[in-house]
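Notes for the one structure printed next.
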(Lines of atoms letter the chains of each structure in order from A and count residues from 1; the text may use other names and numbers.)
(Lines give C-alpha, C1' and ligand atoms only; values in the text may rest on other atoms or scores of the structure.)
Protein backbone atom coordinates (compact mmCIF):
# COMPACT_ATOMS: atom_id res chain seq x y z
CA UNK A 1 0.00 0.00 0.00
CA UNK A 2 1.12 3.54 -0.68
CA UNK A 3 0.16 5.26 2.59
CA UNK A 4 2.91 7.77 3.21
CA UNK A 5 3.33 11.07 5.04
CA UNK A 6 1.19 13.11 2.64
CA UNK A 7 -1.83 11.02 3.53
CA UNK A 8 -1.94 12.56 7.02
CA UNK A 9 -3.51 15.75 5.62
CA UNK A 10 -6.13 13.73 3.80
CA UNK A 11 -6.99 11.77 6.90
CA UNK A 12 -7.51 15.06 8.70
CA UNK A 13 -10.12 15.95 6.05
CA UNK A 14 -8.06 18.54 4.20
CA UNK A 15 -7.90 18.09 0.44
CA UNK A 16 -4.39 17.61 -0.92
CA UNK A 17 -3.35 20.40 -3.30
CA UNK A 18 -3.18 17.90 -6.16
CA UNK A 19 -6.91 17.17 -5.73
CA UNK A 20 -7.72 20.42 -7.55
CA UNK A 21 -6.91 18.68 -10.83
CA UNK A 22 -9.62 16.10 -10.05
CA UNK A 23 -12.46 18.54 -9.32
CA UNK A 24 -13.66 19.25 -12.87
CA UNK A 25 -14.58 15.60 -13.50
CA UNK A 26 -14.94 14.06 -10.04
CA UNK A 27 -16.36 16.98 -8.03
CA UNK A 28 -14.96 18.91 -5.08
CA UNK A 29 -15.32 15.99 -2.67
CA UNK A 30 -15.23 13.13 -5.17
CA UNK A 31 -18.94 13.06 -6.04
CA UNK A 32 -19.17 13.67 -9.76
CA UNK A 33 -21.97 15.71 -11.28
CA UNK A 34 -21.42 13.92 -14.60
CA UNK A 35 -22.74 10.38 -15.03
CA UNK A 36 -19.75 9.54 -17.24
CA UNK A 37 -17.20 9.99 -14.45
CA UNK A 38 -16.97 7.80 -11.36
CA UNK A 39 -17.64 8.93 -7.85
CA UNK A 40 -14.42 8.65 -5.85
CA UNK A 41 -15.88 9.63 -2.48
CA UNK A 42 -16.06 6.78 -0.01
CA UNK A 43 -14.19 4.30 -2.19
CA UNK A 44 -11.59 2.13 -0.46
CA UNK A 45 -8.25 3.96 -0.32
CA UNK A 46 -6.43 0.83 -1.48
CA UNK A 47 -8.65 0.54 -4.56
CA UNK A 48 -8.20 4.22 -5.41
CA UNK A 49 -4.42 4.00 -5.01
CA UNK A 50 -4.26 0.93 -7.25
CA UNK A 51 -6.34 2.61 -9.96
CA UNK A 52 -4.53 5.97 -9.88
CA UNK A 53 -1.18 4.15 -9.99
CA UNK A 54 -2.40 2.08 -12.95
CA UNK A 55 -3.41 5.27 -14.80
CA UNK A 56 -0.05 6.87 -14.00
CA UNK A 57 1.97 3.81 -15.03
CA UNK A 58 -0.08 3.19 -18.17
CA UNK A 59 -1.37 -0.24 -17.17
CA UNK A 60 -4.89 1.21 -17.24
CA UNK A 61 -5.21 3.26 -20.39
CA UNK A 62 -7.28 6.42 -20.31
CA UNK A 63 -6.08 9.35 -22.43
CA UNK A 64 -8.22 11.80 -20.42
CA UNK A 65 -6.62 10.75 -17.12
CA UNK A 66 -3.03 10.48 -18.35
CA UNK A 67 -2.05 14.16 -18.17
CA UNK A 68 -3.50 14.56 -14.68
CA UNK A 69 -1.71 11.60 -13.12
CA UNK A 70 1.59 11.61 -15.03
CA UNK A 71 3.49 13.63 -12.45
CA UNK A 72 2.01 12.14 -9.30
CA UNK A 73 4.39 10.58 -6.81
CA UNK A 74 3.46 7.58 -4.70
CA UNK A 75 2.98 9.99 -1.79
CA UNK A 76 0.62 12.15 -3.89
CA UNK A 77 -1.39 9.08 -4.83
CA UNK A 78 -1.58 7.93 -1.22
CA UNK A 79 -2.78 11.36 -0.12
CA UNK A 80 -5.43 11.55 -2.84
CA UNK A 81 -6.65 8.02 -2.12
CA UNK A 82 -6.82 8.68 1.62
CA UNK A 83 -8.66 11.98 1.11
CA UNK A 84 -11.31 10.63 -1.26
CA UNK A 85 -11.84 7.49 0.82
CA UNK A 86 -12.82 9.64 3.82
CA UNK A 87 -15.35 11.79 1.94
CA UNK A 88 -19.10 11.22 2.21
CA UNK A 89 -20.33 8.89 -0.48
CA UNK A 90 -22.86 9.89 -3.10
CA UNK A 91 -26.49 9.31 -2.34
CA UNK A 92 -28.03 6.44 -4.24
CA UNK A 93 -29.66 7.26 -7.56
CA UNK A 94 -33.23 6.43 -8.44
CA UNK A 95 -33.59 3.96 -11.25
CA UNK A 96 -36.26 2.45 -13.45
CA UNK A 97 -37.84 -0.15 -11.12
CA UNK A 98 -38.08 -2.81 -13.84
CA UNK A 99 -34.44 -2.32 -14.85
CA UNK A 100 -33.30 -2.30 -11.22
CA UNK A 101 -35.22 -5.53 -10.57
CA UNK A 102 -33.65 -7.17 -13.60
CA UNK A 103 -30.21 -6.04 -12.43
CA UNK A 104 -30.83 -7.48 -9.00
CA UNK A 105 -31.78 -10.80 -10.58
CA UNK A 106 -28.53 -10.78 -12.58
CA UNK A 107 -26.31 -9.70 -9.68
CA UNK A 108 -25.86 -13.06 -7.95
CA UNK A 109 -22.42 -13.84 -9.40
CA UNK A 110 -21.26 -10.25 -8.78
CA UNK A 111 -21.88 -10.58 -5.05
CA UNK A 112 -19.07 -13.10 -4.62
CA UNK A 113 -16.54 -10.28 -5.06
CA UNK A 114 -18.56 -7.06 -4.76
CA UNK A 115 -20.57 -8.00 -1.66
CA UNK A 116 -24.25 -8.49 -0.99
CA UNK A 117 -24.92 -4.74 -1.06
CA UNK A 118 -22.26 -3.63 -3.55
CA UNK A 119 -19.59 -3.11 -0.89
CA UNK A 120 -16.81 -5.70 -1.16
CA UNK A 121 -14.86 -7.06 1.77
CA UNK A 122 -11.54 -6.67 -0.07
CA UNK A 123 -10.25 -3.10 0.00
CA UNK A 124 -8.64 -3.61 -3.41
CA UNK A 125 -12.02 -4.04 -5.12
CA UNK A 126 -14.40 -1.20 -6.01
CA UNK A 127 -17.53 -0.28 -4.13
CA UNK A 128 -20.34 -0.46 -6.68
CA UNK A 129 -23.18 0.76 -4.46
CA UNK A 130 -24.22 4.27 -5.41
CA UNK A 131 -21.75 4.51 -8.30
CA UNK A 132 -22.75 6.33 -11.48
CA UNK A 133 -24.86 3.98 -13.65
CA UNK A 134 -23.45 5.27 -16.94
CA UNK A 135 -19.91 4.81 -15.64
CA UNK A 136 -20.62 1.25 -14.45
CA UNK A 137 -22.18 0.34 -17.78
CA UNK A 138 -19.19 1.75 -19.66
CA UNK A 139 -16.76 -0.20 -17.48
CA UNK A 140 -18.60 -3.49 -18.04
CA UNK A 141 -18.38 -2.91 -21.79
CA UNK A 142 -14.68 -2.05 -21.43
CA UNK A 143 -14.00 -5.35 -19.67
CA UNK A 144 -15.86 -7.31 -22.32
CA UNK A 145 -14.19 -5.38 -25.14
CA UNK A 146 -10.69 -5.79 -23.71
CA UNK A 147 -10.07 -2.11 -22.96
CA UNK A 148 -9.84 -3.08 -19.29
CA UNK A 149 -8.15 -6.25 -18.22
CA UNK A 150 -9.22 -8.42 -15.33
CA UNK A 151 -9.56 -12.14 -16.03
CA UNK A 152 -12.19 -12.65 -13.31
CA UNK A 153 -14.37 -9.84 -14.62
CA UNK A 154 -13.97 -10.89 -18.22
CA UNK A 155 -15.12 -14.44 -17.45
CA UNK A 156 -17.95 -13.26 -15.18
CA UNK A 157 -19.49 -10.99 -17.82
CA UNK A 158 -18.62 -12.91 -21.00
CA UNK A 159 -22.23 -14.03 -21.51
CA UNK A 160 -23.75 -10.59 -20.86
CA UNK A 161 -24.65 -7.87 -23.33
CA UNK A 162 -25.57 -4.20 -23.26
CA UNK A 163 -29.05 -4.81 -21.83
CA UNK A 164 -27.62 -6.77 -18.92
CA UNK A 165 -24.95 -4.12 -18.35
CA UNK A 166 -27.66 -1.46 -18.17
CA UNK A 167 -29.66 -3.53 -15.69
CA UNK A 168 -26.68 -4.28 -13.45
CA UNK A 169 -25.60 -0.63 -13.56
CA UNK A 170 -29.11 0.54 -12.64
CA UNK A 171 -29.24 -1.92 -9.75
CA UNK A 172 -25.86 -1.04 -8.25
CA UNK A 173 -26.26 2.72 -8.73
CA UNK A 174 -29.45 2.77 -6.65
CA UNK A 175 -28.08 0.77 -3.71
CA UNK A 176 -27.65 2.81 -0.54
CA UNK A 177 -24.10 3.03 0.64
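In my numbering, the protein residues as written are 11 to 187. Where a beta carbon is used, it is the ideal one built from N, C-alpha and C, also for glycine. Bear in mind that the values here come from a model prediction, so they are computed numbers and not experimental data.
{"Item": "Could you tell me the boundaries of the alpha helix (DSSP H) in which residue 91 lies?", "Value": "84-95"}
{"Item": "How about residue 181 and residue 133: do their beta carbons lie closer than 9 Å?", "Value": "no"}
{"Item": "Per DSSP, what kind of secondary structure is residue 174 in: helix, strand or coil?", "Value": "helix"}
{"Item": "Starting from residue 72, trace the alpha helix (DSSP H) both ways and give me its first and last residue.", "Value": "Here residue 72 belongs to no alpha helix (DSSP H), and DSSP marks it neither H nor E."}
{"Item": "Which stretch, first to last residue, makes up the alpha helix (DSSP H) that contains residue 66?", "Value": "55-67"}
{"Item": "Between the segment 29-45 and the segment 133-152, do at least 3 Cβ pairs fall closer than 8 Å?", "Value": "yes"}
{"Item": "Between the segment 97-108 and the segment 27-41, do at least 3 Cβ pairs fall closer than 8 Å?", "Value": "yes"}
{"Item": "I need the DSSP call for residue 169, collapsed to helix, strand or coil.", "Value": "coil"}
{"Item": "Helix or strand or just coil, what does DSSP make of residue 112?", "Value": "helix"}
{"Item": "If I measure Cβ to Cβ from residue 152 and keep anything under 8 Å in the same chain, skipping five residues before and after, which residues do I get?", "Value": "158"}
{"Item": "Report the three-state DSSP secondary structure of residue 8 (helix, strand or coil).", "Value": "One cannot answer for residue 8 here, as it falls past the ends of the chain, which runs 11 to 187."}
{"Item": "Where residue 49 and residue 130 are concerned, what is the direct C-alpha to C-alpha distance, given to the nearest angstrom?", "Value": "16 Å"}
{"Item": "Measuring straight from C-alpha to C-alpha, what distance separates residue 125 and residue 31?", "Value": "31 Å"}
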